[in-house]
Every structure is written in C-alpha cells, then in structure tokens.
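Notes to accompany the following structure.
Here it is as structure tokens:
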C-alpha cells in the first residue's frame, strides 16, 4: 500500500509537520498525539513526535523503530525543515496529552491538568458523555467539551490503560 504524503504551503510549519506525521504514521496504526519543533532557531533543533497506538495497546520499541523509519523517509522526501535537525519519536509517557473523548474515557478517575477555555485546574476525570468531559474540581462538577482545552495526565496509571 502506498500512501501519498503532501505538504500544504498555506499552513504553519507546525501544522504542516503534524499533517506529514499523521499521513505517514496513521497507516501503521499509530496516532500522532503531539508534534513539537524544539529549539527551532538554535543550533540543534529537535523534531519531537509523540505517538500512541490506535488499538490502545502499549507502544513498543518496534512501533517506535518502524514509525521513525517511516516518518524519516517522508521528511527526507518532502524536506519541510531546511536545516539539520534530530528526529525523536516517543510514547506519551507520564505527561500523556488527552485530546479526544476516548482518551479521557481510558483515564477515568485519574488526575488531569486542564488549561484553557477559561479554566486552569488539576482534577480527576469523573465522567465522559460524548465529547463532554466532567471533572471533579474540589467537589464541584466542571464539564468541558473535548478539544476546546489542553489536558495532560497529572498521574501515571499503575497499569496500561
């Protein structure tokens, strides 16, 4: 199966890198959670891509190796970063970004750092109903729409979820 990967000049560099990563990694069953170009104007820029598996199994070393080779080839072909940089792929780890309702469902009951949409708090995920995520903030329910705020795990689950 050949996947055609394209760039879109009208997008910002970050959006373009995210699009390239998603087009390259999705056919491998990998979800792109985050793309960061760190130290972009410095001597040693790093392109960091955090991935997860779409089947919600733990990310393996093999996933990282295959993902790195695949995205590396796409980046070499498209050359969206003109200068030399280092590519790093990693699993989400303890500061896992929560982007979609299904991410919150997987982490029910765990503490989450929430920023945006007029809120800044750390609270447990209480419930998920469609795209609505409810947090227990000091005994009060706060419900927000997934995708309208930033959230990361504030605690790491004892076992894979």
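Numbering (the numbering used here), first residue to last: -12 to 148.
Every residue gets a Cβ at the ideal spot worked out from N, C-alpha and C, and that includes glycine.
The structure presented is a predicted model; accordingly, all values stated were derived computationally and were not measured.
Using a Cβ-Cβ distance cut-off of 8 Å, the region 112 to 124 and the region 94 to 102 are in contact, since at least three pairs of beta carbons, one from each stretch, lie closer than that value. Its chain contains 104 as the residues whose beta carbon lies nearer than 6 Å to that of residue 135, once the 5 sequence neighbours on both sides are disregarded; these appear in chain order.
Per DSSP, the continuous beta strand (DSSP E) segment holding residue 107 begins and ends at 106 to 116. Taking C-alpha positions only, residue 42 is separated from residue 3 by approximately 25 Å. Across the structure, residue 86 and residue 45 are spaced so that their CA atoms are roughly 17 Å apart.
With respect to residue 36, residue 65 sits apart: the two C-beta atoms are not nearer than 9 Å. A residue is called buried once 16 or more other Cβ atoms fall within 10 Å of its Cβ, and residue 39 is buried on that count. Here residue 5 has 22 as same chain residues with Cβ atoms under 6 Å from its own Cβ, once five neighbours each way along the sequence are excluded. One alpha carbon belongs to residue 12, the other to residue 128, and they sit about 37 Å apart.
Residue 102 has 107, 137 as its beta-bridge partners, per DSSP. A straight-line Cα-Cα distance of about 8 Å links residue 80 and residue 143.
Assignment of residue 68 by DSSP, reduced to helix, strand and coil, places it in the coil class.
Here residue 123 is not near residue 133, since their CB atoms are 9 Å or more apart. Where residue 37 is concerned, the enclosing beta strand (DSSP E) starts and stops at 33 to 40.
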